[in-house]
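A.B. asks: Before I ask anything, let me first share the structure, which is written out below as structure tokens.
Number of protein chains: 2
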Amino acid sequence: MNMCAELSGYKGNVLKFLMKADLQIGDIIRITRNEEVFEGTLMPRYELADDNHIVLKLKNGYNIGIKIHHEMVVMKVGTGAKPTYKLPYQPKEKRELPTVTIISTGGTIASRVDYRTGAVHPALTSDDILTVVPELSKIANIKTKILFSLLSENVHSSHWTKLAQTVAQHILMGVNGVVICHGTDTMAYTSAALSFALQNLPVPVIFVGSQRSSDRPSSDAALNLINAVKAAARTPIAEVMVGMHETSSDTTTVLHRGTRVRKCHTSRRDAFKSINIGPLARIKGEEITLLEDYSRRDPNKQLIINSNFERKVGLLKFYPGLNPNIIDWYMDHGYFGLVLEGTGLGHVGDHLFPQIRKAVEQGLLLGMTSQCVWGRVNMNVYDTGIDLQRIGVIPLKDMLPETALVKMMWIFSQTTDIEEAKKLLMLNIAGEFSERTLYEK
Amino acid sequence: MNMCAELSGYKGNVLKFLMKADLQIGDIIRITRNEEVFEGTLMPRYELADDNHIVLKLKNGYNIGIKIHHEMVVMKVGTGAKPTYKLPYQPKEKRELPTVTIISTGGTIASRVDYRTGAVHPALTSDDILTVVPELSKIANIKTKILFSLLSENVHSSHWTKLAQTVAQHILMGVNGVVICHGTDTMAYTSAALSFALQNLPVPVIFVGSQRSSDRPSSDAALNLINAVKAAARTPIAEVMVGMHETSSDTTTVLHRGTRVRKCHTSRRDAFKSINIGPLARIKGEEITLLEDYSRRDPNKQLIINSNFERKVGLLKFYPGLNPNIIDWYMDHGYFGLVLEGTGLGHVGDHLFPQIRKAVEQGLLLGMTSQCVWGRVNMNVYDTGIDLQRIGVIPLKDMLPETALVKMMWIFSQTTDIEEAKKLLMLNIAGEFSERTLYEK
Numbered sequence: 291m292n293m294c295a296e297l298s299g300y301k302g303n304v305l306k307f308l309m310k311a312d313l314q315i316g317d318i319i320r321i322t323r324n325e326e327v328f329e330g331t332l333m334p335r336y337e338l339a340d341d342n343h344i345v346l347k348l349k350n351g352y353n354i355g356i357k358i359h360h361e362m363v364v365m366k367v368g369t370g371a372k373p374t375y376k377l378p379y380q381p382k383e384k385r386e387l388p389t390v391t392i393i394s395t396g397g398t399i400a401s402r403v404d405y406r407t408g409a410v411h412p413a414l415t416s417d418d419i420l421t422v423v424p425e426l427s428k429i430a431n432i433k434t435k436i437l438f439s440l441l442s443e444n445v446h447s448s449h450w451t452k453l454a455q456t457v458a459q460h461i462l463m464g465v466n467g468v469v470i471c472h473g474t475d476t477m478a479y480t481s482a483a484l485s486f487a488l489q490n491l492p493v494p495v496i497f498v499g500s501q502r503s504s505d506r507p508s509s510d511a512a513l514n515l516i517n518a519v520k521a522a523a524r525t526p527i528a529e530v531m532v533g534m535h536e537t538s539s540d541t542t543t544v545l546h547r548g549t550r551v552r553k554c555h556t557s558r559r560d561a562f563k564s565i566n567i568g569p570l571a572r573i574k575g576e577e578i579t580l581l582e583d584y585s586r587r588d589p590n591k592q593l594i595i596n597s598n599f600e601r602k603v604g605l606l607k608f609y610p611g612l613n614p615n616i617i618d619w620y621m622d623h624g625y626f627g628l629v630l631e632g633t634g635l636g637h638v639g640d641h642l643f644p645q646i647r648k649a650v651e652q653g654l655l656l657g658m659t660s661q662c663v664w665g666r667v668n669m670n671v672y673d674t675g676i677d678l679q680r681i682g683v684i685p686l687k688d689m690l691p692e693t694a695l696v697k698m699m700w701i702f703s704q705t706t707d708i709e710e711a712k713k714l715l716m717l718n719i720a721g722e723f724s725e726r727t728l729y730e731k
Numbered sequence: 291m292n293m294c295a296e297l298s299g300y301k302g303n304v305l306k307f308l309m310k311a312d313l314q315i316g317d318i319i320r321i322t323r324n325e326e327v328f329e330g331t332l333m334p335r336y337e338l339a340d341d342n343h344i345v346l347k348l349k350n351g352y353n354i355g356i357k358i359h360h361e362m363v364v365m366k367v368g369t370g371a372k373p374t375y376k377l378p379y380q381p382k383e384k385r386e387l388p389t390v391t392i393i394s395t396g397g398t399i400a401s402r403v404d405y406r407t408g409a410v411h412p413a414l415t416s417d418d419i420l421t422v423v424p425e426l427s428k429i430a431n432i433k434t435k436i437l438f439s440l441l442s443e444n445v446h447s448s449h450w451t452k453l454a455q456t457v458a459q460h461i462l463m464g465v466n467g468v469v470i471c472h473g474t475d476t477m478a479y480t481s482a483a484l485s486f487a488l489q490n491l492p493v494p495v496i497f498v499g500s501q502r503s504s505d506r507p508s509s510d511a512a513l514n515l516i517n518a519v520k521a522a523a524r525t526p527i528a529e530v531m532v533g534m535h536e537t538s539s540d541t542t543t544v545l546h547r548g549t550r551v552r553k554c555h556t557s558r559r560d561a562f563k564s565i566n567i568g569p570l571a572r573i574k575g576e577e578i579t580l581l582e583d584y585s586r587r588d589p590n591k592q593l594i595i596n597s598n599f600e601r602k603v604g605l606l607k608f609y610p611g612l613n614p615n616i617i618d619w620y621m622d623h624g625y626f627g628l629v630l631e632g633t634g635l636g637h638v639g640d641h642l643f644p645q646i647r648k649a650v651e652q653g654l655l656l657g658m659t660s661q662c663v664w665g666r667v668n669m670n671v672y673d674t675g676i677d678l679q680r681i682g683v684i685p686l687k688d689m690l691p692e693t694a695l696v697k698m699m700w701i702f703s704q705t706t707d708i709e710e711a712k713k714l715l716m717l718n719i720a721g722e723f724s725e726r727t728l729y730e731k
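Going down the list, the protein sequences come from chains A and B.
Taking this note's numbering, the leading residue of the first sequence gets 291, the next gets one more, and so forth.
Taking this note's numbering, the leading residue of the second sequence gets 291, the next gets one more, and so forth.
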């Protein structure tokens with residue numbers, strides 16, 4: 291990365307290319323490539339950028355990346371103002387529009403949308419959001435709140451609590467919907483957490499993230515954010531949801547139920563998938579299509595807040611030859627519960643049975659999920675499942691292991707009575723399981 | 291389940307139905323339902339069967355399940371011989387056919403194909419196989435070997451070793467291919483294990499299982515077994531593979547590379563998916579379509595056998611708030627290595643860093659994979675990844691966590707030298723990773 295402020299973040303070929311053309315960050319330039327013409331402000335790049343893309347901020351507010359090419363013609367058409375922190379305009383509150391709060395917790399969508407600082411993890415300010423995605427002000431009156439500036443792998447249950455309380459505050463203040471910018475890595479854990487922490491929601495709560503930072507040619511940040519705000523402002527679905535790209539093209543987003551969603555690809559824009567149910571809705575342009583049953587938006591609903599989580603709950607993935615003594619560790623450390631991520635229909639090797647029995651006898655709550663990801667556990671088919679149930683392991687239907695973990699953490703913040711905990715575990719609180727599998731061949 | 295031998299395994303409605311019709315196991319019956327007519331031998335059912343299907347053995351050797359219905363007409367058309375253990379015919383060895391060894395380790399495909407005993411976990415004998423699926427004798431001269439009778443959740447690394455050695459024996463005796471019947475739960479772990487244990491294979495080694503027992507209407511056992519034997523006998527691909535249903539319909543199977551496959555549904559017949567690459571081949575009827583690069587069959591190749599596995603290697607799935615002290619457990623118990631199943635591009639919360647550093651300093655090999663399942667880790671994008679690499683965690687490209695675990699177990703059976711281990715970990719031994727991701731949007 292070059293240290294020259296005028297071309298901050300550019301390196302290698304593209305740096306040479308820009309220096310040769312005598313360009314600086316902030317210049318308004320016109321690029322002609324084959325038949326196409328792009329005009330916009332030359333933006334800085336930062337943090338491990340590749341060395342063959344120029345980033346332009348177009349007039350419509352989007353950033354695009356353009357690959358340099360020897361046949362490309364670049365012309366400076368104006369000396370633009372250096373990008374500043376100032377909002378280009380201050381949208382006035384419009385009475386006819388709904389109000390949406392955007393809460394920022396960090397992650398790619400928040401940190402990389404700010405293309406100006408060159409810092410690695412800046413938080414998203416309200417100014418930034420409307421500067422970068424001016425469309426938002428046509429959809430809703432936007433309130434913003436910077437709560438954290440965290441990469442999501444560093445989000446813990448205490449953050450879930452704080453976040454749930456902040457969302458609740460804004461809902462109680464009467465906003466029509468809440469959008470939460472969150473890193474994608476653990477977004478599904480946090481969306482599950484809020485699904486349990488905030489019940490009987492009067493309005494939608496939409497998690498949104500991006501898989502590509504907005505200085506990359508293929509960023510999903512703008513579309514995801516616009517559609518999340520649309521969903522918060524307009525959908526009749528008052529649930530905790532995740533709104534992300536439906537496919538790898540930049541056209542539609544889908545809303546996933548917060549307890550049923552999983553990041554299923556490290557980098558694709560359509561990484562998030564609803565598991566064992568379909569997405570709740572699809573957003574394409576101005577059109578929101580409802581796809582599944584849901585809880586209805588209703589301003590008269592009384593929000594129920596239960597935002598604590600017990601840390602002494604574990605998730606243990608089974609694999610061949612797993613040492614059964616690892617279960618002792620959880621017993622020795624005063625754990626309340628353990629979600630097993632078994633194989634197939636909900637199995638673990640029988641060499642674990644003695645330790646599992648000991649854990650159950652010590653009063654730990656043990657629930658079974660499947661590492662298959664898709665499908666449901668059925669512990670009535672094979673001896674292993676039947677034996678495990680006799681020992682006291684609870685089959686957790688088609689609940690995701692991650693959701694089951696979060697649910698158990700939530701349960702044990704409310705009760706330490708094992709029978710009460712079992713009842714809560716089997717109670718469908720936030721659509722986290724289905725009684726039957728609808729499609730199975 | 292009724293205790294009446296004549297209608298062994300039937301219960302509830304279907305038992306009443308059969309008793310009313312005065313039928314016994316072994317009777318040849320004709321069932322007319324709407325326009326359809328089924329004729330065959332009434333078979334016993336067992337183990338948690340539902341109470342509304344009759345199982346018939348058709349003349350072509352398949353079992354089918356037929357749902358009872360009040361408009362259905364059932365007629366006894368003959369008193370068939372009671373099903374016996376005898377082979378109905380003894381196919382002679384045919385010189386022009388290739389020879390395939392079928393090794394049975396247990397699992398649904400082996401235990402439930404034997405519809406006659408009523409016992410829960412019988413092993414598959416050579417007689418059984420050819421009785422149940424007589425087509426096999428037209429594809430190859432079949433040798434069989436019952437090695438274990440295990441539900442696959444009880445398969446350990448010592449079984450992998452024994453299995454690899456048995457496969458090697460048969461290959462060295464000159465068979466044209468090997469088929470391994472295995473429970474589906476941990477099939478992918480075992481297929482990965484054999485991929486490392488048996489290198490430079492001269493012939494194919496095909497794992498096969500079934501998701502539904504053959505006394506169920508929708509069993510996948512017959513097609514999977516027939517196509518596995520075809521693949522072993524005829525494909526030019528000399529790799530360890532898994533051959534299972536491609537879709538939920540009973541038409542094609544696909545061959546997955548043994549290090550790249552995962553059971554992705556608890557119960558669907560198309561549960562097995564190739565991850566991050568496509569399947570190597572598709573089998574439809576007599577047609578085998580090759581789809582990816584592969585190692586070629588060649589009888590002159592010298593098989594390399596390296597069949598041991600070290601048990602002191604662990605797999606640790608990260609989740610928010612994971613207690614870092616769990617890593618101490620692995621250090622205290624003399625572990626050699628730990629595969630981390632991180633979030634997204636290969637991250638864990640920074641609260642784990644001190645313990646991870648301690649583990650690395652103690653000489654443990656730590657590798658990073660992703661719980662996303664699809665995609666590849668990239669620890670050069672965010673601070674977390676960069677920090678983890680500095681501490682000494684090795685990014686494991688697009689390797690599956692389960693494959694990485696098995697590989698590390700295999701590596702530490704050969705060396706305890708950490709540098710040597712690292713080199714082996716980064717060496718592509720059985721197509722377990724790709725250097726680049728071909729499709730990513």
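From the three backbone atoms N, C-alpha and C, an ideal C-beta is built for every residue, glycine too.
#1: Are any of the Cβ atoms in chain A nearer than 9 Å to that of B:D640?
#2: Whose CA, out of B:G533, B:I429, B:K435, B:M699, lies closest to the CA of B:E383?
#3: Could you give the distance in angstroms between the alpha-carbon of B:V423 and the alpha-carbon of B:I516?
#4: Given that A:V683 touches chain B, what residues does it touch there, using C-beta distances under 9 Å?
#5: Looking at the structure shown, is A:L593 part of a helix, part of a strand, or coil, going by DSSP?
#6: Where does A:R524 sit, in a helix, a strand or coil, going by DSSP?
#7: In the structure shown, what three-state DSSP assignment does B:G721 receive?
#8: Taking the alpha helix (DSSP H) that B:G665 belongs to, which residues open and close that run?
#9: Does the separation of the CB atoms of B:T541 and B:L513 fall below 9 Å?
#10: Less than 9 Å between the C-beta atoms of A:N431 and A:A522, yes or no?
#11: Which of helix, strand or coil does DSSP assign to A:A571?
#12: Output, in chain order, the set of chain D residues within a Cβ distance shorter than 7 Å of B:D510.
#13: For the alpha helix (DSSP H) containing B:F486, name the first residue and the last one.
#14: Expressed to the nearest angstrom, what Euclidean distance is found between the alpha-carbon atoms of B:Q489 and B:T659?
#15: Does the distance from the CB of A:R558 to the CB of B:G636 come in under 9 Å?
#16: Got a sec, what are the start and stop residues for the alpha helix (DSSP H) A:F643 sits in?
#17: Counting only the same chain and skipping the five closest in sequence on each side, list residues whose C-beta sits under 6 Å from that of B:L484.
#18: Measuring alpha carbon to alpha carbon, tell me which of A:M362, A:L678, A:Y625 ends up nearest A:L652.
#19: With 16 as the cutoff for other CB atoms within 10 Å, does A:H446 come out buried or exposed?
#20: What's the gap between the Cα of A:I681 and the Cα of A:G639?
#21: So, are the CB atoms of A:A649 and B:C662 less than 9 Å apart?
#22: For chain B, find out if any of its Cβ atoms is closer than 9 Å to the Cβ of A:D341; answer yes or no.
#23: Out of A:P614, A:C554, A:I578, A:L656, point me to the one whose CA is closest to A:L545's CA.
#24: DSSP three-state label for B:E329, please.
#25: With a threshold of 16 other CB atoms inside 10 Å of the CB of B:P334, please say whether the residue is buried or exposed.
#26: With a threshold of 16 other CB atoms inside 10 Å of the CB of B:V367, please say whether the residue is buried or exposed.
#27: B:A561 touches chain A at which residues, Cβ-Cβ below 9 Å?
#28: If we count the other Cβ atoms within 10 Å of its Cβ and call it buried at 16 or more, is B:R547 buried or exposed?
#29: Would the beta-carbon of A:T480 fall within 9 Å of that of A:S500?
#30: Assuming the contact rule is C-beta atoms closer than 8 Å, B:T543 and B:E536 should be a hit. Round their C-beta distance to whole Å, please.
#31: Measure the CB-CB distance between B:K563 and B:M477 and report whether it falls below 9 Å.
#32: Of the residues that make up the stretch 548-560 of chain B, which ones have a beta carbon closer than 7 Å to any beta carbon in chain A?
#33: Can you find at least 3 beta carbon pairs, one from the stretch 569-577 of chain B and one from the stretch 601-609 of chain B, that sit closer than 8 Å?
#34: Under 8 Å Cβ to Cβ from B:F643, same chain only, skipping five residues before and after it: list those, please.
#35: To which residues of the same chain is A:T674 closer than 7 Å at the C-beta, ignoring the five residues directly before and after it?
#36: Mind checking if A:H359 is an interface residue toward chain B, Cβ cutoff 9 Å exclusive?
C.D. replies: Judging by the given coordinates:
#1: Closer than 9 Å: yes.
#2: B:I429
#3: 8 Å
#4: Result: empty, since nearest Cβ-Cβ is about 13 Å, beyond 9 Å.
#5: coil
#6: helix
#7: In the structure shown, B:G721 adopts coil according to DSSP, grouped into three states.
#8: Per DSSP, B:G665 belongs to no alpha helix (DSSP H) and is neither H nor E.
#9: yes
#10: no
#11: strand
#12: Among the chains of the structure shown, chain D does not appear; the protein chains present are A and B.
#13: 477-487
#14: Spanning the two alpha carbons is a distance of roughly 24 Å.
#15: no
#16: Run containing A:F643: 643-651, per the alpha helix (DSSP H) assignment.
#17: Here B:L484 has A454, V530 as same chain residues with Cβ atoms under 6 Å from its own Cβ, once five neighbours each way along the sequence are excluded.
#18: Here the sequence assigns Gln to residue 652 of chain A, which means Leu is not the residue at that position. Ranking the options by Cα distance to A:Q652, first place goes to A:Y625.
#19: buried
#20: 14 Å
#21: no
#22: no
#23: A:I578
#24: It is a strand residue.
#25: buried
#26: exposed
#27: G634, C662, W664, G665
#28: buried
#29: Taking 9 Å as the Cβ cut-off, A:T480 and A:S500 do not qualify as a contacting pair.
#30: 6 Å
#31: no
#32: K553, C554, H555, T556, S557, R558, R559
#33: no
#34: D677, L678, I681
#35: H637, D640
#36: For A:H359, the answer is no, since every Cβ of chain B falls outside 9 Å of its Cβ.
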